[in-house]
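The opening residue of the sequence shown carries number 2 in our numbering; numbering runs sequentially from there. Each residue gets a CB set at the ideal place from its N, CA and C atoms; glycine is no exception. All figures in this text were calculated on a predicted structure; none of them were measured in a lab. Written below as structure tokens is the structure these notes are about.
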Amino acid sequence: MSKSRRADVAIAGAGIIGLSLGLELRQRGLTVIVLDRQRAMLGASWAAGGMLAARDPENPSAMLLLSLLSLALYPAFLERVQTLSRQPVPVRTRRTLQAWPDGMAGEDLLVAMEAQEEIRRWIPGFSPRALDERFIWLEEESIDPRDLCAALPIAFRQAEGVLLEDAPVLNVETEGSGIIVQTPLEKIHASAFVNCCGAWAGVPLLGDLPVKPVKGQAVTVGLEPDRLRCVLRTPEFYAIPRGDGRITIGATVEHVGFDQTVESHRINELLEQQVAQLLPEIQAAKMLESWAGLRPGTPDDLPILGPGAIEHCWHATGHYRNGILLGPATARVMTQLIFGEPPDVSLENFFPSRFAITENRAGI
Ligand SMILES: Cc1cc2nc3c(=O)[nH]c(=O)nc-3n(C[C@H](O)[C@H](O)[C@H](O)COP(=O)(O)OP(=O)(O)OC[C@H]3O[C@@H](n4cnc5c(N)ncnc54)[C@H](O)[C@@H]3O)c2cc1C
2 MSKSRRADVA IAGAGIIGLS LGLELRQRGL TVIVLDRQRA MLGASWAAGG
52 MLAARDPENP SAMLLLSLLS LALYPAFLER VQTLSRQPVP VRTRRTLQAW
102 PDGMAGEDLL VAMEAQEEIR RWIPGFSPRA LDERFIWLEE ESIDPRDLCA
152 ALPIAFRQAE GVLLEDAPVL NVETEGSGII VQTPLEKIHA SAFVNCCGAW
202 AGVPLLGDLP VKPVKGQAVT VGLEPDRLRC VLRTPEFYAI PRGDGRITIG
252 ATVEHVGFDQ TVESHRINEL LEQQVAQLLP EIQAAKMLES WAGLRPGTPD
302 DLPILGPGAI EHCWHATGHY RNGILLGPAT ARVMTQLIFG EPPDVSLENF
352 FPSRFAITEN RAGI
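Written as structure tokens, this is what we have:
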């Protein structure tokens, strides 16, 4: 016979979204169980670059207010995670040199030669692809998601959250005034359920949301630490220094289902055809690690935050390329929704109901 447990809130998915939400709900005094089908923080949250890229010109403008809320919450979030876990999660960079798209307005565009000298102070080997290429400095931070992967599960457990690993959610059913979540070994009875399953959040069992995996392949190389002192980002690639000589370079954007194979030709293309144009010395760098992860993509590139079609069920997913940035804001606004409070920013653009979803009443 399967065991049974109770909690105020059961969360499926122990990535940054599920665990940040769990931590915030614990802070408000609720009992929380987070379940993951594998070990915590091994999905997209492990594969990410870690840029807090609120002002990336590629982002949909409808995401700006949520992004700015998250930036405002980030210092307290990192402080809390570090205090609870006793693990460091330092800010690794504080500046980004962003290639600015043709035709897009932008203040402080850097085209003059003096600007190129300033760029070389931060990136000594920088070599522009064309003399009229435009760049802008963004005062933007980045973290190393691997630091968060080590710290966040410990912080959640230290906050007396229950984290069940190797516990896939097999079924979710309404039960009177709550929900029953079924795993292979136990039943969880909860007052509310939140789907934070990232790229897997769209499976019929969890509500048939239009979430699709978008594969990203990335690589870390080693170079002298002072060769890159800020993030360098173009529409085709980014290079993120970790401050210790490691530089993470990403990422491909591929619509190939749940495939997570690392292909050396895609990694070489990224290094040789993209990064090397602006940073030729990257060709001499030592390759340390390469990997692939699955971003949770949505049809309009916006997250899905809000109530599901079934009572007591919520969705917090679809963060696509910005889940590391949006973790703290997602935790804040989802907690406010669950408590019936008005959220800090309008969630009109993010509600699941913007898509025609047919949720199966037997499950969610
Ligand atoms: C290469 C790459 C680079 C990126 N760079 C950045 C960046 O620089 N900045 C940024 O902000 N974002 C970045 N992202 C995006 C970011 O990683 C994601 O948006 C974010 O990690 C999504 O977090 P999540 O918790 O929703 O998903 P995940 O971290 O994928 O977690 C979902 C979890 O759900 C679990 N799960 C699935 N199904 C079930 C089930 N049935 N039962 C229980 N558990 C289940 C999975 O095992 C997984 O652990 C990047 C992503 C990739 C792939």
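Lys-216, buried or exposed, once every other Cβ within 10 Å from all chains shown has been counted against 16: Answer is buried; the Cβ neighbour count reaches 16.
Glu-1 and Pro-236 closer than 9 Å at C-beta: Beyond the ends of the chain as shown, which are 2 and 365, falls residue 1; an answer cannot be given.
First and last residue of the uninterrupted alpha helix (DSSP H) at Asp-148: Where Asp-148 is concerned, the enclosing alpha helix (DSSP H) stretches over 146-159.
Sufficient close CB pairs (3 or more, under 8 Å) joining the segment 169-187 to the segment 73-91: No: fewer than three Cβ pairs fall under 8 Å.
CB-CB length for Ile-250 against Phe-238, believed under 8 Å: 6 Å
Contact test: Arg-1 Cβ vs ligand 1 heavy atom, cutoff 8 Å: The question about residue 1 has no answer here: the residues shown for the chain are numbered 2 through 365.
Heavy atom of ligand 1 within 8 Å of Arg-27 beta-carbon: no
Any non-hydrogen atom of ligand 1 closer than 8 Å to Gly-51 Cβ: It does: the Cβ of Gly-51 is within 8 Å (strictly closer) of some heavy atom of ligand 1.
Simplified DSSP state of Arg-38, which is helix, strand or coil: coil
Straight-line Cα distance separating Arg-228 from Val-346: 39 Å
Cβ contact (3+ pairs, closer than 8 Å) linking the segment 155-171 and the segment 82-92: yes
Ligand 1 heavy atom lying under 8 Å from the CB of Thr-221: no
Collapsed DSSP secondary structure at Thr-331 in the structure displayed: helix
Three-way DSSP call (helix, strand, coil) for Thr-175 in this model: strand
Cross-strand partners of Cys-1 (DSSP beta bridge): What the structure shows of the chain is the stretch from 2 to 365, and residue 1 is not part of that stretch, so it cannot be assessed.
As assigned by DSSP and simplified to three states, the class of Arg-6: Arg-6 falls in the strand class under three-state DSSP.
Nearest neighbour of Ala-310, chosen from Pro-343, Val-163 and Ala-357 [CA to CA]: Ala-357
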